[in-house]
Structure formats: structure tokens, C-alpha cells
Amino acid sequence: MAIIRVENLNYQYPNSDTQAIDNVSFEIQAGDWVAIVGHNGSGKSTLAKLLIGLMAADSGKITIDGQELTPETVWQIREKVGMVFQNPDNQFVGATVADDVAFGMENRSVDRDTMVTKVDQALAQVGMLDYKNREPANLSGGQKQRVALAGIIAIAPKILILDEATSMLDPRGRQEILSVIQDLKQQLNLTVLSITHDIDEAANADRLVVIDDGRFVEEATPKELFSHGQQLVEMGLDVPLPEKLKDALQQRHVAIPQSYLDERGLADWLRTSRLNK
Amino acid sequence: MNKVMFGRFIPGHSWVHRMDPRAKLILSFLYIAVVFFANDFWTYLIMTVLLLASVVASAIRLGVYIRGLLPLFWLMIFTVLIQVFFGAGGHVYWQWGWLVVSQNGLNSAGLILMRFVLIILISTILTFTTQPLEIADGIESLLSPLRRLHFPVATLALMLSLALRFVPTLMDEAEKIMNAQRSRGVDFGEGGLRQRIRTIVPILIPLFVNAFNRAIEISTAMEARGYQDGENRTKYRQLKWQRVDTASLVIYIVSLSAVIGLRYFS
Numbered sequence: 011m012a013i014i015r016v017e018n019l020n021y022q023y024p025n026s027d028t029q030a031i032d033n034v035s036f037e038i039q040a041g042d043w044v045a046i047v048g049h050n051g052s053g054k055s056t057l058a059k060l061l062i063g064l065m066a067a068d069s070g071k072i073t074i075d076g077q078e079l080t081p082e083t084v085w086q087i088r089e090k091v092g093m094v095f096q097n098p099d100n101q102f103v104g105a106t107v108a109d110d111v112a113f114g115m116e117n118r119s120v121d122r123d124t125m126v127t128k129v130d131q132a133l134a135q136v137g138m139l140d141y142k143n144r145e146p147a148n149l150s151g152g153q154k155q156r157v158a159l160a161g162i163i164a165i166a167p168k169i170l171i172l173d174e175a176t177s178m179l180d181p182r183g184r185q186e187i188l189s190v191i192q193d194l195k196q197q198l199n200l201t202v203l204s205i206t207h208d209i210d211e212a213a214n215a216d217r218l219v220v221i222d223d224g225r226f227v228e229e230a231t232p233k234e235l236f237s238h239g240q241q242l243v244e245m246g247l248d249v250p251l252p253e254k255l256k257d258a259l260q261q262r263h264v265a266i267p268q269s270y271l272d273e274r275g276l277a278d279w280l281r282t283s284r285l286n287k
Numbered sequence: 005m006n007k008v009m010f011g012r013f014i015p016g017h018s019w020v021h022r023m024d025p026r027a028k029l030i031l032s033f034l035y036i037a038v039v040f041f042a043n044d045f046w047t048y049l050i051m052t053v054l055l056l057a058s059v060v061a062s063a064i065r066l067g068v069y070i071r072g073l074l075p076l077f078w079l080m081i082f083t084v085l086i087q088v089f090f091g092a093g094g095h096v097y098w099q100w101g102w103l104v105v106s107q108n109g110l111n112s113a114g115l116i117l118m119r120f121v122l123i124i125l126i127s128t129i130l131t132f133t134t135q136p137l138e139i140a141d142g143i144e145s146l147l148s149p150l151r152r153l154h155f156p157v158a159t160l161a162l163m164l165s166l167a168l169r170f171v172p173t174l175m176d177e178a179e180k181i182m183n184a185q186r187s188r189g190v191d192f193g194e195g196g197l198r199q200r201i202r203t204i205v206p207i208l209i210p211l212f213v214n215a216f217n218r219a220i221e222i223s224t225a226m227e228a229r230g231y232q233d234g235e236n237r238t239k240y241r242q243l244k245w246q247r248v249d250t251a252s253l254v255i256y257i258v259s260l261s262a263v264i265g266l267r268y269f270s
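What follows is the structure, encoded as C-alpha cells:
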């Protein structure tokens with residue numbers, strides 16, 4: 011079942027003469043991890059904001075979990091969607107960790123006793139319970155993003171949108187956040203929509219939606235997409251590490267299969283090809 | 005910046021630390037109001053004893069409080085000297101031109117000094133023992149009756165807590181901008197007044213622009229998390245009025261009534 015359906019979406023920023031989103035249509039199936047990829051300024055973040063009604067599309071139709079996005083349904087739709095933004099500092103609303111996790115619940119008029127238990131549960135799930143009474147100034151970027159995730163767990167949405175949520179973190183913080191999300195997705199049966207230009211992160215998704223200058227290019231599995239190789243570079247995207255290695259080997263005239271290989275696949279191939287010699 | 009103790013919070017678990025911020029706010033305001041009723045030895049004695057008892061109950065060393073007073077030292081000296089030399093009336097001890105040291109002058113100088121110290125110390129106890137957040141919560145709770153007059157208490161409270169939350173973030177940012185400008189050759193704290201004011205601009209404008217961007221991002225994030233407006237929200241933080249608060253309130257009311265009683269009925 012398609013949980014997110016976007017049909018012929020158009021959007022143009024008031025002071026711009028090009029379309030930020032140009033006739034985009036795609037579907038996302040429930041329970042999938044989908045990455046939207048594209049170079050900087052390709053319209054990924056605009057798309058995310060349109061999806062939860064933070065900006066109104068000029069034309070087109072967005073349906074989320076069977077409900078069409080209109081000014082009347084926007085708050086109901088936001089109940090179903092949790093969003094983590096890029097800058098960890100600018101989405102930390104609460105004065106302490108616990109307050110921030112409770113913020114979304116406060117907005118939904120959850121009663122206090124429920125809030126108290128849910129805050130603890132959510133913080134335990136992201137491994138931040140010991141930091142419950144800390145203030146944001148004393149936390150690292152990765153820790154702040156974990157708190158943002160806890161705030162989303164507490165309201166148990168069906169869809170999680172990550173708007174470049176790991177782009178301001180160090181490699182370790184990024185790995186940690188991604189593995190926390192991986193776990194949550196399993197437990198809560200979430201649909202994850204991650205917007206990213208980090209191609210290694212995108213390689214872990216079930217499906218990829220490629221956006222270029224506001225236009226929908228294609229929807230594919232990572233395997234299908236990364237076999238395009240050079241075409242990706244022309245779109246302003248990077249290729250994952252195994253593809254780069256393959257490319258470098260090809261330039262040194264090593265015969266290597268054309269199909270996409272992930273890290274393990276490539277390692278296996280290298281090992282077997284060495285043994286054959 | 006490290007020398008300024010005024011307005012700081014010092015963590016602890018004392019009697020005063022455990023008190024409800026509302027109680028502390030009410031008591032401080034009451035105390036400050038009553039300071040202006042005290043006018044002789046006995047009333048000031050009561051006020052001083054009450055204050056020292058509170059200082060002891062806060063379990064913070066007196067030295068820390070005195071350090072809190074230091075930045076205001078020159079202001080105190082200045083006011084006292086003005087009172088000493090320009091307060092006329094009563095027995096004249098010393099005179100030189102229009103400078104007169106008289107009995108009334110000395111009296112009112114002593115009075116002003118006492119008031120100064122007492123008011124600053126009581127507010128220092130409040131800020132030493134109460135987190136800024138708690139103060140914000142306390143103010144919100146105390147203002148809540150204004151809701152009937154359609155005063156946006158919840159919005160004010162949110163503004164206050166967001167402002168407090170971003171103080172350290174903005175301080176860090178200001179520091180970063182300063183260092184960034186320094187590395188590009190801006191020299192802070194050099195030259196005359198005009199030059200110094202001019203060097204502030206390259207800090208202020210980026211800070212201002214960043215604050216706007218931040219505000220946009222925060223409001224987007226808040227809206228995405230379902231924030232509609234101040235009303236119809238439940239609250240996670242809760243203030244609890246405990247026995248400590250009632251006990252302190254009783255002690256304060258008894259002592260402060262004694263002061264007012266001595267002033268008017270003796």
C-alpha cells in the first residue's frame with residue numbers, strides 16, 4: 011500500500027523564476043526506507059516541507075496515509091509524520107532533554123502521567139536516559155539529534171522524515187543515528203523517508219528517488235541506480251565507495267563486473283579473483 | 005566574564021534550593037517591599053537576621069555572596085558619599101563650603117547602604133538557588149491569573165523559556181564570530197571610543213542575521229512537531245508546593261509583620 015503518494019506537484023518560490031519542484035510524482039510504500047537524493051539546491055528539502063504542509067504547493071496533490079493534504083487536514087497529517095531537521099541546535103525547543111522530548115506530546119495535549127512514562131521510555135530507546143536533565147548546551151550534535159528522535163518516538167508517528175538529519179554530524183555520530191533509526195524502523199514498523207546527499211547513507215535505503223533541478227529523474231533500487239556510474243556524477247551526485255574503487259580498477263585495466271556491488275560483494279569478488287590467478 | 009557572580013545559579017540541595025520557585029519569588033518581592041518600611045535599629049535588625057538566616061539556609065558560603073556584591077561596590081560608595089555630604093539637618097559635625105556632614109546625612113547614608121545590601125543579597129539568594137528555567141516557570145505560574153484578562157501568559161512563558169535556552173547558544177556563536185573576525189584582522193578593544201564602536205558592527209550584524217535564520221528554523225521545527233499556539237497544551241514541567249515553602253512563608257510573614265508593626269505601632 012502506498013503510504014505517501016505525490017501527484018504532479020509544482021512549487022515555485024515567490025522570488026524565484028525557476029520551479030523549485032517541477033511536476034513531481036512518485037509513491038512510497040508503507041514500511042520502506044526511501045532516500046531522496048539530489049545535489050544541493052535540487053529541491054529535496056522543499057519537497058519535504060511540502061509533504062507536511064509547512065509550505066503550500068502551487069498545484070498537485072499529496073496523499074499521506076489515505077488522507078489528502080489540505081489546509082483542513084494539515085494538523086492531522088502532521089500527527090502521523092515525525093520530522094528531524096538538519097541543524098541539531100535549531101530544533102531543540104525544550105530547556106532540557108526531557109522537556110524537549112515532551113514538547114510534541116504537550117502540543118497534542120497528552121496528560122502529564124503518560125508524558126512522564128513516555129519521556130523515559132523514548133529516552134531509553136535512543137540511549138539518552140542518563141542525560142534526561144541535561145541542557146542542550148552540554149550535548150554534542152549527535153546527542154541532540156538522538157533527543158530529536160526520542161521526541162518523535164514519543165508521539166509514535168507512521169512516517170519519519172529525515173531532512174539531512176545527519177549532515178552536520180561527525181562520521182561516528184552519523185553511524186550511531188542511522189543505527190538507532192534502523193532499530194526504530196524495525197520496532198515501530200516505520201516508513202522512513204530520508205533526504206540526503208550522502209551517497210553512502212543512501213546506499214542503505216530500500217529504494218531511491220532521484221531529483222534533479224526540481225524534476226523527478228527516476229525511482230530505483232540502490233543496485234539499479236549505482237550501476238549508472240558516470241551518469242550520477244553528471245547529475246552532481248557522488249558514487250558510493252565500492253563504485254569509486256571499481257572505477258579506479260577499471261582505469262588500471264582490471265576486468266571487473268559491470269553490475270553494482272556493495273562493499274561485501276566487491277570484497278568477495280576481489281578475493282575470489284585473486285584466488286583464481 | 006568569570007568574575008561576575010551576580011545572577012548566577014549555584015547547584016545545591018539546601019533548604020532554599022528545594023523550595024518552589026514561586027515561593028522564592030513571592031518571598032523576595034515581599035522582602036524587598038518591606039525593606040522600604042524599615043527605618044530604625046530594631047527593624048533593620050529583624051531584616052538582617054531574616055536575611056542571614058536565609059543565607060545560612062541556602063548553604064552557600066557568605067564569601068560567594070560578597071563576591072556577588074563586588075561589581076556594585078562603587079555604586080554603593082557613590083550613593084553613600086552623596087548622602088553623607090548632601091544630607092542636611094540635625095547636628096552638624098563638619099562643614100567645608102557647601103559640603104556638610106550632619107547627623108541626618110549620616111543616618112540616611114547608613115539607611116541607604118543597608119537597603120542596598122539587603123536588596124541585592126535577597127535577590128542574589130534567589131538567583132544563586134534557582135535555575136533560570138525555574139524562575140521562568142515560577143513567573144508563568146504567578147502571572148496565570150492574568151489569563152482572565154486575555155493576557156497571553158502561555159506565549160510569554162514559551163518566549164521566556166526559548167530565550168533562556170538560546171542564551172548559551174548565542175554566546176557561543178558571538179564568540180565564534182569574534183574569533184572569525186579576529187582571524188581576518190579585526191582588532192577588538194583597541195583605539196578610541198569611535199573605533200571601538202565600529203569594531204562591534206562586524207559582530208553584531210552576522211549575529212543578527214543568524215538569529216533571524218535560527219528563528220525561522222525553530223518555528224518550522226516547532227510547527228512540524230505540532231505546535232499550534234500557546235493554548236490547549238498540557239505541561240510536562242510541574243511546580244510542587246511543599247512543606248518547606250509553607251514553613252518559609254510563615255517565617256517570612258511573621259518577621260515582616262513585626263517590622264511593619266514596629267514601624268507603625270511603637
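First to last, the protein sequences are chains A and B.
Just so you know, our numbering puts the end of the first sequence at 287, numbered straight through with nothing missing.
Just so you know, our numbering puts the end of the second sequence at 270, numbered straight through with nothing missing.
Glycine included, each C-beta is placed from N, C-alpha and C at the ideal position.
A quick note: this is a predicted structure, and the numbers were derived from the prediction, not measured.
Discussion item. Strictly under 9 Å for the Cβ-Cβ distance: is Asp176(B) near chain A by that measure?
Written reply: Residue numbering aside, residue 176(B) sits at position 172 when the second sequence is read from its first letter. Yes, its Cβ sits closer than 9 Å to a Cβ of chain A.
Practice prompt. Quick one: grab the DSSP three-state call for Val202(A).
Written response: Position 192 of the first sequence, counted from the start, is the residue given in the question as residue 202(A). The answer is strand: DSSP assigns Val202(A) an E or B state.
Practice prompt. Could you tell me the distance, in whole angstroms, from the CA atom of Met175(B) to the CA atom of Gly72(B)?
Written response: Walking along the second sequence from the start, residue 175(B) turns up at place 171. Walking along the second sequence from the start, residue 72(B) turns up at place 68. Straight-line Cα distance between these residues: approximately 22 Å.
Worksheet item: Does Ala27(B) come within less than 9 Å of chain A when only Cβ atoms are used?
Response: The count along the second sequence starts at 1 and reaches residue 27(B) at position 23. So, not an interface residue.
Worksheet item: Does the count of Cβ pairs from the segment 47-54 of chain A and the segment 165-172 of chain A closer than 8 Å reach three?
Response: Touching, no, given that fewer than three Cβ pairs across the two stretches are closer than 8 Å.
Practice prompt. Entirely within the segment 39-66 of chain A and at least 4 residues each: give me those alpha helix (DSSP H) ranges in chain order.
Written response: List check, alpha helix (DSSP H) in window: 54-61.
Worksheet item: Just reading off the alpha helix (DSSP H) that Thr131(B) is part of, what are its end residues?
Response: In the second sequence, counting from the first residue as 1, residue 131(B) sits at position 127. Looking at the DSSP string, the run of the alpha helix (DSSP H) that includes Thr131(B) is Gln107 to Thr133.
Practice prompt. Check Gly70(A) in the structure and name its three-state DSSP category.
Written response: The residue given as residue 70(A) occupies position 60 in the first sequence. In this structure, Gly70(A) counts as strand in the three-state DSSP scheme.
Worksheet item: Heavy atom of the ligand PLP less than 8 Å from the Cβ of Val59(B), yes or no?
Response: The ligand PLP is not part of the structure shown, which contains no ligands of any sort.
Discussion item. So with CB distances below 8 Å, who are the chain A contacts of Ile222(B)?
Written reply: Numbered from its first residue, the second sequence carries residue 222(B) at position 218. In chain order: Asn100, Gln101 and Val103.
Fill in: Three-way DSSP call (helix, strand, coil) for Glu18(A) in this model
Within the first sequence, numbered from 1, the residue matching residue 18(A) stands at position 8. The sequence given here places Asn at residue 18(A); Glu does not occur at that position. Correct three-state label for Asn18(A): strand.
Item to complete: At 8 Å on the CB atoms, spell out the chain B contacts of Asn117(A), in chain order.
Response: For the purposes of this step, residue 117(A) is taken as residue 107 along the first sequence, with counting starting at 1. The CB of Asn117(A) comes closer than 8 Å to the CB of Arg229, Gly230, Tyr231, Gln232 and Arg237 in chain B, given here in chain order.
Practice prompt. With DSSP as the reference, label Val136(A) as helix, strand or coil.
Written response: Mapped onto the first sequence, residue 136(A) falls at position 126. For Val136(A), the secondary structure class from DSSP, reduced to helix, strand or coil, is coil.
Discussion item. Using a Cβ distance threshold of 8 Å, determine whether the segment 187-199 of chain B contacts the segment 222-242 of chain B, with at least three qualifying pairs required.
Written reply: Flag = no, the segment 187-199 of chain B and the segment 222-242 of chain B do not touch.
Discussion item. For Ala30(A), count the other beta carbons within 10 Å of its own beta carbon; 16 or more makes it buried, fewer makes it exposed. Which is it?
Written reply: Residue mapping note: residue 30(A) aligns to position 20 of the first sequence, counting from 1. Result: buried.
Worksheet item: Using the beta-carbon of each residue, which ones in chain A are nearer than 9 Å to Leu137(B)?
Response: Position 133 of the second sequence, counted from the start, is the residue given in the question as residue 137(B). What Leu137(B) touches in chain A: Ala105, Thr106, Asp109 and Glu145.
Worksheet item: Any idea if Tyr270(A) is buried or exposed, counting beta-carbon neighbours within 10 angstroms, 16 or more meaning buried?
Response: Taking the first residue of the first sequence as position 1, residue 270(A) is located at position 260. With at least 16 other beta carbons inside 10 angstroms of its own, Tyr270(A) counts as buried.
Worksheet item: Hey, quick one: how far does the beta strand (DSSP E) through Met93(A) stretch, first residue to last?
Response: Position 83 of the first sequence holds residue 93(A). First-last of the beta strand (DSSP E) with Met93(A): Val91 to Val94.
Worksheet entry | Proximity winner among Gly114(B), Arg26(B) and Ile129(B), relative to Ile14(B) (alpha-carbon distances) | As a first step, residue 14(B) must be located in the second sequence, where it is residue number 10. Nearest of Gly114(B), Arg26(B) and Ile129(B) to Ile14(B), Cα basis: Ile129(B).
Discussion item. I need the straight-line Cα distance from His21(B) to Ile191(A), nearest angstrom please.
Written reply: The residue given as residue 21(B) occupies position 17 in the second sequence. The residue given as residue 191(A) occupies position 181 in the first sequence. If you take the alpha carbons of His21(B) and Ile191(A), they lie about 39 Å apart.
Worksheet entry | Residues near Lys7(B) by beta carbon distance below 7 Å, same chain, minus five either side | For the purposes of this step, residue 7(B) is identified with residue 3 of the second sequence, where counting begins at 1. The pLDDT assigned to Lys7(B) is 49, lower than 50, so where the model puts this residue is not dependable; a value taken from the coordinates is nonetheless given after this. Close CB contacts of Lys7(B) within its chain, under the 7 Å cut and outside five residues either way in sequence, are absent.
Worksheet item: Is it right to say His207(A) is buried, meaning 16 or more other beta carbons lie within 10 angstroms of its own, or is it exposed?
Response: By one-based count along the first sequence, residue 207(A) stands at place 197. Around the C-beta of His207(A), 16 or more other C-beta atoms lie within 10 Å, and the residue is accordingly described as buried.
Practice prompt. Anything in the segment 150-166 of chain B with a Cβ closer than 9 Å to a Cβ of chain A? List those residues in chain order, please.
Written response: For the segment 150-166 of chain B, which is checked against every Cβ of chain A, the residues closer than 9 Å are Leu162, Ser165 and Leu166.
Discussion item. Tell me whether the segment 119-129 of chain A and the segment 170-190 of chain A touch, counting them as touching only if at least three CB pairs, one residue from each stretch, are closer than 8 Å.
Written reply: By the criterion of at least three beta-carbon pairs nearer than 8 Å, the segment 119-129 of chain A is not in contact with the segment 170-190 of chain A.
Worksheet item: What do you get for Asp191(B), buried or exposed, if any count of 16 or more other CB atoms within 10 angstroms of its CB means buried?
Response: Here residue 191(B) is taken as the residue at index 187 of the second sequence, counted from 1. With fewer than 16 other Cβ atoms within 10 Å, it is exposed.
Worksheet item: If we count Cβ pairs, one from each stretch, closer than 8 Å, do we get three or more for the segment 16-30 of chain B versus the segment 142-159 of chain B?
Response: Because the criterion of three Cβ pairs below 8 Å is met, the segment 16-30 of chain B and the segment 142-159 of chain B touch.
Fill in: Cross-chain neighbours of Asn97(A) in chain B, by beta carbon under 8 Å
Position 87 of the first sequence, counted from the start, is the residue given in the question as residue 97(A). Within chain B, the residues near Asn97(A) are Glu221.
Worksheet item: Enumerated in chain order, which unbroken segments of the alpha helix (DSSP H) with a length of 4 residues or greater are wholly contained in the segment 151-178 of chain A?
Response: You should have 151-165.
Discussion item. Can you tell me where the beta strand (DSSP E) holding Tyr97(B) begins and where it ends?
Written reply: Numbered from 1 along the second sequence, position 93 holds the residue referred to as residue 97(B). Val96 to Trp100 is the span of the beta strand (DSSP E), which, as asked, contains Tyr97(B).
Discussion item. For Val121(B) and Gln185(B), what's the separation of their Cα atoms in angstroms?
Written reply: Taking the first residue of the second sequence as position 1, residue 121(B) is located at position 117. Taking the first residue of the second sequence as position 1, residue 185(B) is located at position 181. If you take the alpha carbons of Val121(B) and Gln185(B), they lie about 41 Å apart.
Worksheet entry | Residues near Val39(B) in its chain [Cβ-Cβ closer than 7 Å; skip 5 each side] | As a working note, residue 39(B) is residue 35 in the second sequence. Annotation for Val39(B): Met51, Arg119, Leu122 and Ile123 place their beta carbon closer than 7 Å to its own, counting only its chain and skipping 5 residues before and after.
Discussion item. Spatial neighbours of Asn214(B) within its chain, please: C-beta separation below 7 Å, excluding the five flanking residues on both sides.
Written reply: Taking the second sequence and counting its residues from 1, the one referred to as residue 214(B) is at position 210. Taken in chain order, the residues that qualify are Glu177.
Worksheet item: Helix, strand or coil: how does DSSP classify Ile221(A) here?
Response: Taking the first residue of the first sequence as position 1, residue 221(A) is located at position 211. In this structure, Ile221(A) counts as strand in the three-state DSSP scheme.
Practice prompt. Express the C-alpha separation of Ile116(B) and Gly109(B) in angstroms, rounding to a whole number.
Written response: Locating residue 109(B) in the second sequence gives position 105, counting from the first residue. Locating residue 116(B) in the second sequence gives position 112, counting from the first residue. Inter-residue distance for Gly109(B) and Ile116(B) is about 11 Å (C-alpha atoms, whole angstroms).
Worksheet item: DSSP state of Val190(B), grouped into three classes?
Response: For the purposes of this step, residue 190(B) is identified with residue 186 of the second sequence, where counting begins at 1. Note: Val190(B) maps to coil in three-state DSSP.
Worksheet item: Terminal residues of the continuous alpha helix (DSSP H) containing Arg22(B)?
Response: Translated into positions along the second sequence, residue 22(B) becomes position 18. For Arg22(B), the enclosing alpha helix (DSSP H) starts and ends at Trp19 to Arg22.
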